[in-house]
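Converting from the sequence shown to this note's numbering requires adding 3 to each position, the first position being numbered 1.
To start, the structure under review is shown below, and the notes come after it.
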Amino acid sequence: MTKPTFLLVDGHSLAFRSYYAFAYRGDGGLRTSTGIPTSICFGFLKSLLEILDREQPTAVAIAFDLATPTFRHEIDSTYKAGRPETPEDFIPDLENLQQILAAMNLPAFTLPGFEADDVIGTLSQRASYEGYAVKILSGDRDMFQLVDAEKQISVMYLNRADKINEYHAAEVQEKMGILPSQIVDFKALCGDSSDNIPGVRGIGEKTAVKLLAEYGDLANVLAAVPTMKGAIKKKLEEGIEAAKHSQFMARIDLEVPLAVNLEECKLTGFDNEHLIPLLQNLEFKAFINKIDDIQTKLGGIVAPKLASKPERSDRSEEEASEDDLWFDFAASTTQATPSHLKLLQLDVTVIDTPEKLDWLQQKLRALDTIVTWDTETTSLNPHDAELVGIGCGWGEHISDVAYIPVGHTTGQNLDLQLVVDTLKPILENAKYQKVLQNAKYDRLIFKSVGIELAGVIFDTMIASYTIDPEASHGLSDLSRSLLGLETTSYKELVGKRKSIAEVSISEVANYCGADVYTTYCLYPILKSQLEEVPELLNLFNQIELPLESVLAAMEWDGIRIDKAYLAELSVELEKDLAAIAI
Numbered sequence: 004m005t006k007p008t009f010l011l012v013d014g015h016s017l018a019f020r021s022y023y024a025f026a027y028r029g030d031g032g033l034r035t036s037t038g039i040p041t042s043i044c045f046g047f048l049k050s051l052l053e054i055l056d057r058e059q060p061t062a063v064a065i066a067f068d069l070a071t072p073t074f075r076h077e078i079d080s081t082y083k084a085g086r087p088e089t090p091e092d093f094i095p096d097l098e099n100l101q102q103i104l105a106a107m108n109l110p111a112f113t114l115p116g117f118e119a120d121d122v123i124g125t126l127s128q129r130a131s132y133e134g135y136a137v138k139i140l141s142g143d144r145d146m147f148q149l150v151d152a153e154k155q156i157s158v159m160y161l162n163r164a165d166k167i168n169e170y171h172a173a174e175v176q177e178k179m180g181i182l183p184s185q186i187v188d189f190k191a192l193c194g195d196s197s198d199n200i201p202g203v204r205g206i207g208e209k210t211a212v213k214l215l216a217e218y219g220d221l222a223n224v225l226a227a228v229p230t231m232k233g234a235i236k237k238k239l240e241e242g243i244e245a246a247k248h249s250q251f252m253a254r255i256d257l258e259v260p261l262a263v264n265l266e267e268c269k270l271t272g273f274d275n276e277h278l279i280p281l282l283q284n285l286e287f288k289a290f291i292n293k294i295d296d297i298q299t300k301l302g303g304i305v306a307p308k309l310a311s312k313p314e315r316s317d318r319s320e321e322e323a324s325e326d327d328l329w330f331d332f333a334a335s336t337t338q339a340t341p342s343h344l345k346l347l348q349l350d351v352t353v354i355d356t357p358e359k360l361d362w363l364q365q366k367l368r369a370l371d372t373i374v375t376w377d378t379e380t381t382s383l384n385p386h387d388a389e390l391v392g393i394g395c396g397w398g399e400h401i402s403d404v405a406y407i408p409v410g411h412t413t414g415q416n417l418d419l420q421l422v423v424d425t426l427k428p429i430l431e432n433a434k435y436q437k438v439l440q441n442a443k444y445d446r447l448i449f450k451s452v453g454i455e456l457a458g459v460i461f462d463t464m465i466a467s468y469t470i471d472p473e474a475s476h477g478l479s480d481l482s483r484s485l486l487g488l489e490t491t492s493y494k495e496l497v498g499k500r501k502s503i504a505e506v507s508i509s510e511v512a513n514y515c516g517a518d519v520y521t522t523y524c525l526y527p528i529l530k531s532q533l534e535e536v537p538e539l540l541n542l543f544n545q546i547e548l549p550l551e552s553v554l555a556a557m558e559w560d561g562i563r564i565d566k567a568y569l570a571e572l573s574v575e576l577e578k579d580l581a582a583i584a585i
């Protein structure tokens, strides 16, 4: 019989990761219009709600550290010494988070004299004993020592890219080279610089893994020291006390005096009147818009609406709105079944004469809307690619698209230089606003023919990534999930031919036309999703989009490395990583 799931959250680990995910972006992190820091609240809630949606636990408990010393500090005053000071805006952000968690009826535990790790360790044993499968959400490898197949305890590990992977014993062994039961002895031997646990001087991670593979545990390693030879023997002889001390410091306490009834940790929903004002204060419009979804995920019951808005089940696919999107601010990546997809059919104007080209440039100059652009080339590598054709779109009508062939092996192409000379004043003028999918690639292609692209106000691929980094950002996937449109794939188009240049102009015109058309249709949808989350909109406008042209320039010109500066930066990053690894 499947056991109910108890989710334990390493509060400080997730909080630090959320903070540093935004700390170096924009003006030092996410903030409200009045200056309230929100990086922790936003990142923490987003990750937590994602894991709740994924794992659907029956009960949840969150553990936080206190600012006061623990029993480990009393034994060793150097424990965790050397860590950077907690950032000034971390504390108020964390306090706001804890208020939100309380309003969501998610219990948060602290215990004087102990760390969050000890609280989680103790709760994991109690929850397992009471019949739960336990999952621990953390970015701290210390938690691997709690993994236990018999007790059904696993760790949902947040890696440096904030992707969540579940670790059982096999995954721990694959990642670390040791079993969960050997984690403490591993740290006893090689130490842990992030916690300032010394270990045995001169014993590194690889040596520690080899010793544990041969002897099993620390006791057996130390017992075998007299039979060893060389430098290893000497290091262990001199480091016996350090190893025993480090072993004690690294072991999570599984029996802390925590007064808690696990029944109180079951998800029961929350009172909107308590939660919504807190979210409003932090300007979390997107969370507020999804409050019913969040209520459901937390085990609550959504009150029936009094408004006459029709229920979701009564609406057609065409009527579905962004209110149907789950809280992660991106449309569901689950692809619609083929029966629900519409095959896109366009009326593309092929620009294959100078007269048509002149008509197009006059059309583009007269428009008061954005224009989407795309290039078709012979290679994914912009430095090797030859331009085959250019597409542009300026509306949602099936005829609001054009394709300019310049490099097909058959059919009537326009002279490339004529096209460049005609479009250059438009493509290089920022007053003509442009939207692209993966603008960096097209920017480099245009540059290769003498055009310096300007006026890019939106990139649908970058927008999709900003909204949900783990989603698929390909144009065909976005078209399926957000527009319900099926388009021809590149593989289907080219088939066994060497490149797209060998495909007929009419076929490529439809293919490229579909790209610019869907990009045009995706623009308002993705823009609206970004606007729902001011923090993400700011991130997109201030960091992600401007970075595109910088990266393109770096790729085109190359970069010069300042080794001395990088060495200094490495030291600073090590300090930051130590904080993130909490």
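Backbone N, C-alpha and C define an ideal beta-carbon position, used for all residues, glycine too.
Return the CA-CA distance between residue i and residue j, expressed in angstroms with no decimal places.
{"i": "D403", "j": "A388", "result": "27 Å"}
{"i": "S141", "j": "R20", "result": "10 Å"}
{"i": "K578", "j": "G194", "result": "17 Å"}
{"i": "Y520", "j": "A253", "result": "58 Å"}
{"i": "G458", "j": "I373", "result": "10 Å"}
{"i": "L261", "j": "R446", "result": "59 Å"}
{"i": "D480", "j": "S492", "result": "11 Å"}
{"i": "L225", "j": "S80", "result": "26 Å"}
{"i": "K49", "j": "A18", "result": "11 Å"}
{"i": "C524", "j": "I401", "result": "11 Å"}
{"i": "F449", "j": "K566", "result": "33 Å"}
{"i": "S16", "j": "L360", "result": "58 Å"}
{"i": "P7", "j": "M146", "result": "21 Å"}
{"i": "R75", "j": "L257", "result": "15 Å"}
{"i": "R129", "j": "I562", "result": "55 Å"}
{"i": "A172", "j": "D471", "result": "30 Å"}
{"i": "I255", "j": "G32", "result": "33 Å"}
{"i": "D68", "j": "A119", "result": "5 Å"}
{"i": "N384", "j": "L270", "result": "51 Å"}
{"i": "A339", "j": "T490", "result": "In this predicted model, A339 has a pLDDT of only 36, less than 50, meaning its place in the structure is not dependable enough to derive any value."}
{"i": "E322", "j": "A570", "result": "Confidence is the limiting factor: at E322 the pLDDT is only 31, short of 50, which leaves the residue's position unreliable and the question unanswerable from this model."}
{"i": "R204", "j": "S197", "result": "16 Å"}
{"i": "F332", "j": "A555", "result": "Below a pLDDT of 50, predicted positions are generally treated as unreliable, and F332, at 32, falls in that range; the measurement from the model is reported next regardless. Answer to the nearest angstrom: the Cα atoms are 28 Å apart."}
{"i": "V150", "j": "G180", "result": "15 Å"}
Would you kindly report the start and end of the unbroken beta strand (DSSP E) that includes residue i?
{"i": "W559", "result": "Segment 548-560 is the alpha helix (DSSP H) holding W559; no beta strand (DSSP E) there."}
{"i": "K138", "result": "136-141"}
{"i": "L390", "result": "390-396"}
{"i": "L347", "result": "Counting along the chain, L347 falls outside any beta strand (DSSP E), and DSSP gives it neither H nor E."}
Starting from residue i, trace the alpha helix (DSSP H) in both directions and tell me its first and last residue.
{"i": "K49", "result": "42-58"}
{"i": "K178", "result": "172-179"}
{"i": "M107", "result": "Neither: M107 is in no alpha helix (DSSP H) and is coded neither H nor E."}
{"i": "E153", "result": "Where E153 is concerned, there is no enclosing alpha helix (DSSP H), given that its DSSP letter is neither H nor E."}
{"i": "E538", "result": "537-542"}
{"i": "Y22", "result": "14-25"}
{"i": "G124", "result": "119-132"}
{"i": "P408", "result": "It is not in any alpha helix (DSSP H) - P408 instead sits in the beta strand (DSSP E) that spans 404-408."}
{"i": "D445", "result": "442-451"}
{"i": "D361", "result": "357-369"}
{"i": "V423", "result": "419-430"}
{"i": "I78", "result": "74-78"}
Roughly how far, in whole angstroms, is the beta-carbon of residue i from the beta-carbon of residue j, given that I think they are within contact range, below 8 Å?
{"i": "P201", "j": "A245", "result": "5 Å"}
{"i": "G14", "j": "A111", "result": "7 Å"}
{"i": "I465", "j": "E538", "result": "No, I465 and E538 are not in contact; Cβ-Cβ is about 16 Å, not under 8 Å."}
{"i": "A222", "j": "L192", "result": "So it is not a contact: roughly 12 Å between Cβ atoms."}
{"i": "S127", "j": "I94", "result": "In fact, because the Cβ distance is near 28 Å, the residues do not count as touching under 8 Å."}
For residue i versus residue j, is the C-beta spacing smaller than 8 Å?
{"i": "V122", "j": "L114", "result": "yes"}
{"i": "E174", "j": "M159", "result": "no"}
{"i": "G392", "j": "V511", "result": "yes"}
{"i": "Y526", "j": "T425", "result": "no"}
{"i": "Y444", "j": "G516", "result": "no"}
{"i": "T375", "j": "L390", "result": "no"}
{"i": "Q176", "j": "L215", "result": "no"}
{"i": "S482", "j": "G414", "result": "no"}
{"i": "L278", "j": "I103", "result": "yes"}
{"i": "A105", "j": "C268", "result": "no"}
{"i": "L664", "j": "Q436", "result": "Given that the chain is displayed from residue 4 to residue 585, the structure contains no residue 664 and the question cannot be resolved."}
{"i": "P408", "j": "L417", "result": "yes"}
Closer than 7 Å to a non-hydrogen atom of the ligand HEM - does that hold for the CB of residue i?
{"i": "V506", "result": "The model on display carries no ligand, and the ligand HEM is accordingly not part of it."}
Contiguous alpha helix (DSSP H) assignments of at least 4 residues, all confined to the stretch 237-298: 243-253, 275-284, 288-292
Every unbroken alpha helix (DSSP H) within the stretch 173-238, with a cutoff of 4 residues, ordered by chain: 186-193, 208-218, 221-226
Ranges of the beta strand (DSSP E) found wholly within the stretch 456-521, counting only runs of at least 3: 459-462
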